[in-house]
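Chains as they are written, first to last, in this note's numbering: chain A, 302 to 526; chain B, 4 to 233.
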Amino acid sequence: MALVNHRDREVTFKIVYCGTPLGGKTSNLSAIHTRLADNVRGDLISMATGSDSTVFFDYLHVNTVVINGYSTKFQLYTVPGQSQYNATRQLLLRGADGVIFVADSHGERMEENLAAFHTMMRNLEANSIRGESFPIVLQYNKRDLPEAAPVHHMDFLFNSGDRKFPTFEASALQYVNVVETLDAVTQIILEQFHQKTPGGIQVAPRGVQPAQTEGAGAEATSTSN
Amino acid sequence: MDIHLTSELADGIEAALGDLSKDASLEYCALISACGTIVADVGRVPGTGGEAAVAALATGALFATQKLASILGQDEDEGLLKEDAKRPLYLHPLGADYLLLSLGSETAEAGLVRIASRRFVRRLQGFAKELCIATEMEPEPPQQPVVVNVPTRVAERDLSLIFDDEASSQERPESKIAAAFRTDSTTSRIPDGWPAPQAEVLRRPQKSATETNDGPSFSSVFSTALLGDS
Numbered sequence: 302m303a304l305v306n307h308r309d310r311e312v313t314f315k316i317v318y319c320g321t322p323l324g325g326k327t328s329n330l331s332a333i334h335t336r337l338a339d340n341v342r343g344d345l346i347s348m349a350t351g352s353d354s355t356v357f358f359d360y361l362h363v364n365t366v367v368i369n370g371y372s373t374k375f376q377l378y379t380v381p382g383q384s385q386y387n388a389t390r391q392l393l394l395r396g397a398d399g400v401i402f403v404a405d406s407h408g409e410r411m412e413e414n415l416a417a418f419h420t421m422m423r424n425l426e427a428n429s430i431r432g433e434s435f436p437i438v439l440q441y442n443k444r445d446l447p448e449a450a451p452v453h454h455m456d457f458l459f460n461s462g463d464r465k466f467p468t469f470e471a472s473a474l475q476y477v478n479v480v481e482t483l484d485a486v487t488q489i490i491l492e493q494f495h496q497k498t499p500g501g502i503q504v505a506p507r508g509v510q511p512a513q514t515e516g517a518g519a520e521a522t523s524t525s526n
Numbered sequence: 004m005d006i007h008l009t010s011e012l013a014d015g016i017e018a019a020l021g022d023l024s025k026d027a028s029l030e031y032c033a034l035i036s037a038c039g040t041i042v043a044d045v046g047r048v049p050g051t052g053g054e055a056a057v058a059a060l061a062t063g064a065l066f067a068t069q070k071l072a073s074i075l076g077q078d079e080d081e082g083l084l085k086e087d088a089k090r091p092l093y094l095h096p097l098g099a100d101y102l103l104l105s106l107g108s109e110t111a112e113a114g115l116v117r118i119a120s121r122r123f124v125r126r127l128q129g130f131a132k133e134l135c136i137a138t139e140m141e142p143e144p145p146q147q148p149v150v151v152n153v154p155t156r157v158a159e160r161d162l163s164l165i166f167d168d169e170a171s172s173q174e175r176p177e178s179k180i181a182a183a184f185r186t187d188s189t190t191s192r193i194p195d196g197w198p199a200p201q202a203e204v205l206r207r208p209q210k211s212a213t214e215t216n217d218g219p220s221f222s223s224v225f226s227t228a229l230l231g232d233s
């Protein structure tokens, strides 16, 4: 559920990283935090235990592009992977605009991956988020492990349904395909948002509501920002 | 379904938060959506964490506490007060979809922050209801096809950084790991009984961000914000 602030010309989106425990969700966020320029991102808020498991959530916000005069902000969350935190996971998926499912490629973790995937889908449904068009991107993390399962095996497990999700092979600790995964889900979110709001966001001069603007578009684009 | 915050509504909420801030000697107060996004706020949070992080944590704390209360059989929609020698924090739900965050100043009394905040709850709940109605409204389609415009110099500069075709079309060298994956993926044998793979595995977003007749493409929003890339 994007928040469109027409006065301040801001759009805020929420992206949630889901996946199996210790699968690399926090590592993804940490890699993004490390690699993004200081002026576009905030601090990484992380609540992890001594064993590196996330207790509540990790959080990072990023200011990125200006589209149609509106600045876009992304709030990135990770959910705790452990099954006992399902209530927290459900809470964090509330109002999400897109999800990245991080699967652990280790051959012995496929059952846990599948359980996490099905729980995520159930949690999306519990939040009245319809799975058929909701932006979801799969990331097969830890591809650098010698025990990594073949990609087509993972595709069969997670991506053999009617709907095909974009899929990335990644190694979050080595920054491989981390940002690309995030780019992919962002692209779907922004394209869907653009389609939902024909012509993108209607731009109006400060203090004028978009609905009151005649011929929104080329002539109505002046701004004091 | 998105939340559309109009100027009128934003001004109204900020006025109410401003009044509350004065009444209760607050350093910061905000109306926050249940997904952790600040709808409107007044003041600044101390420290380096920033308002967005505080809002996300406050939302998590309040709704986690509510869930805990409901598991324990407590159904009252009460707020959450964190007392402290300095800067008491009070969170109060505004219906199911919004919450109020009040952060007192160094000299503010925790009890007074709570009482003052609760006095403003009804007024803010009115705005929260209006926000819910605005959320349910579908935006009207424009009369004519609209192309994406870059209205200001600031926006032009920002877009040129992000949507720089030349910069984004420069392929980064493929890592040894990625190369190894490719070899593994293509040579590894499909286990007996497994169907052939159908999904296309993407290694990079397909193309840099450009604008077309069909609308803009947003394919490399984050890649172009990487350190050293802009």
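Every residue, glycine too, gets a C-beta built ideally from N, C-alpha and C. Note that the structure is a prediction, hence the values are computed from the model and not measured.
Residue from the options with nearest C-alpha to residue i
| i | options | result |
| --- | --- | --- |
| T62 (chain B) | A:L393, A:L337 and A:G343 | A:L393 |
| V452 (chain A) | A:M411, A:R390 and A:E481 | A:M411 |
| N428 (chain A) | B:A99, B:E109, B:L8 and B:L75 | B:A99 |
| L92 (chain B) | B:D80, B:G82 and B:S105 | B:S105 |
| P436 (chain A) | A:M455, A:Y476 and A:L483 | A:L483 |
| E426 (chain A) | A:H307, A:T379 and A:R390 | A:R390 |
| Q475 (chain A) | A:N329, A:Y318, A:L323 and A:R308 | A:N329 |
| S223 (chain B) | A:A485, A:N369 and A:A397 | A:A485 |
| L8 (chain B) | B:C135, B:D78, B:F225 and B:E54 | B:C135 |
| D456 (chain A) | A:T487, A:N414 and A:Q493 | A:N414 |
| F225 (chain B) | A:D445, A:F459, A:K374 and A:L458 | A:K374 |
| D87 (chain B) | B:E54, B:G107, B:Q77 and B:K70 | B:G107 |
| L323 (chain A) | A:S384, A:L345, A:F459 and A:Y360 | A:S384 |
| A56 (chain B) | B:R90, B:I74 and B:A33 | B:A33 |
| R121 (chain B) | B:L75, B:L84 and B:G50 | B:L84 |
Cβ-based neighbour list, residue i, same chain, cut-off 8 Å, excluding 5 preceding and 5 following
| i | result |
| --- | --- |
| A158 (chain B) | Here A158 (chain B) scores only 38 on pLDDT, less than 50, and its place in the model should not be relied on; the value that follows carries that caveat. No residues qualify anywhere along the chain. |
| T110 (chain B) | S28 |
| D22 (chain B) | F123 |
| K132 (chain B) | G98 |
| R464 (chain A) | G432 and E433 |
Cβ pair residue i, residue j closer than 7 Å
| i | j | result |
| --- | --- | --- |
| V403 (chain A) | Q376 (chain A) | no |
| F358 (chain A) | I490 (chain A) | no |
| I35 (chain B) | A72 (chain B) | no |
| V366 (chain A) | R342 (chain A) | no |
| G46 (chain B) | S24 (chain B) | yes |
| M421 (chain A) | C38 (chain B) | no |
| I316 (chain A) | G382 (chain A) | no |
| L103 (chain B) | L127 (chain B) | yes |
| T321 (chain A) | A397 (chain A) | no |
| Y318 (chain A) | T379 (chain A) | yes |
| A43 (chain B) | I6 (chain B) | no |
Chain-ordered neighbours of residue i on chain B, where CB pairs are closer than 8 Å
| i | result |
| --- | --- |
| A303 (chain A) | D5 and I6 |
| G344 (chain A) | Correcting the residue identity first, residue 344 (chain A) is Asp in this sequence and not Gly. In chain order: T51, G52, G53 and A56. |
Cross-chain neighbours of residue i in chain A, by beta carbon under 8 Å
| i | result |
| --- | --- |
| A226 (chain B) | Inspection of the sequence shows that residue 226 (chain B) is occupied by Ser rather than by Ala. Within 8 Å Cβ-Cβ: V480, E481 and D484. |
| L229 (chain B) | R336, L337, A338 and V480 |
| G129 (chain B) | Near G129 (chain B) there are no residues of chain A at all, since even the closest Cβ is about 18 Å away, more than 8 Å. |
Closer than 9 Å at the beta carbon, the chain A residues around residue i
| i | result |
| --- | --- |
| A13 (chain B) | N306, H307, R308 and D309 |
| A59 (chain B) | I346, F358, Y360, H362, Q376 and Y378 |
Cβ neighbours of residue i in the same chain (closer than 7 Å, five flanking residues each side left out)
| i | result |
| --- | --- |
| K443 (chain A) | G325, D405, S406, H407, A449 and S472 |
| E481 (chain A) | F469 |
| V479 (chain A) | N329, A332, I333, A471 and A473 |
| S372 (chain A) | R310, E311 and N364 |
| T335 (chain A) | none |
| L361 (chain A) | L330, I333, H334, R342, G343, L345 and L377 |
Partner residues on chain A for residue i, Cβ-Cβ distance less than 7 Å
| i | result |
| --- | --- |
| K132 (chain B) | Those within 7 Å of K132 (chain B) in chain A number zero; the least Cβ separation is about 16 Å. |
| G21 (chain B) | Within chain A, no residue comes near G21 (chain B); the closest Cβ sits about 15 Å away, beyond 7 Å. |
| S108 (chain B) | Here the premise fails: no neighbours, minimum Cβ distance about 23 Å. |
| A67 (chain B) | T389 and L392 |
| S223 (chain B) | D484 |
| G98 (chain B) | Those within 7 Å of G98 (chain B) in chain A number zero; the least Cβ separation is about 14 Å. |
Neighbourhood of residue i by C-beta, 6 Å cutoff - its chain only, sequence neighbours within 5 removed
| i | result |
| --- | --- |
| R395 (chain A) | N428 |
| E81 (chain B) | none |
| T236 (chain B) | The structure shown does not extend to residue 236 (chain B), since chain B is modelled only from 4 to 233, so the question has no answer here. |
Within chain B, partners of residue i - CB distance below 7 Å
| i | result |
| --- | --- |
| T420 (chain A) | Near T420 (chain A) there are no residues of chain B at all, since even the closest Cβ is about 17 Å away, more than 7 Å. |
Closer than 6 Å: residue i CB and nearest the ligand ADP heavy atom
| i | result |
| --- | --- |
| L439 (chain A) | Ligands in the displayed structure: none, and consequently the ligand ADP is not present. |
Cross-chain neighbours of residue i in chain E, by beta carbon under 8 Å
| i | result |
| --- | --- |
| G114 (chain B) | Chain labels in this structure do not include chain E; the protein chains are A and B. |
### Message
If the cut-off is 8 Å on Cβ atoms, which residues from the region 389 to 410 of chain A count as contacting chain B, listed in chain order?
### Response
T389, L392, L393, R395, G396 and A397
### Task
Note down, in chain order, all residues in the region 31 to 56 of chain B with a beta-carbon under 7 Å from any beta-carbon belonging to chain A.
S36, A37, C38, G39, T40, V42, T51, G52, G53, A55 and A56
### Message
Short of 7 Å Cβ to Cβ, which residues in the region 424 to 444 of chain A face chain B?
### Response
R444
### Task
Using a Cβ-Cβ cut-off of less than 8 Å, list which residues of the region 352 to 371 of chain A approach chain B; keep chain order.
F357, F358, Y360, H362, V363, T365, V366, V367, I368, N369 and G370
### Residues of the region 312 to 328 of chain A with Cβ closer than 8 Å to any Cβ of chain B, in chain order
Result list: T313 and K315.
### Task
Quick one: which residues of the region 69 to 82 of chain B get their C-beta closer than 7 Å to a C-beta of chain A? List them in chain order.
So the list reads K70, given in the order they occur along the chain.
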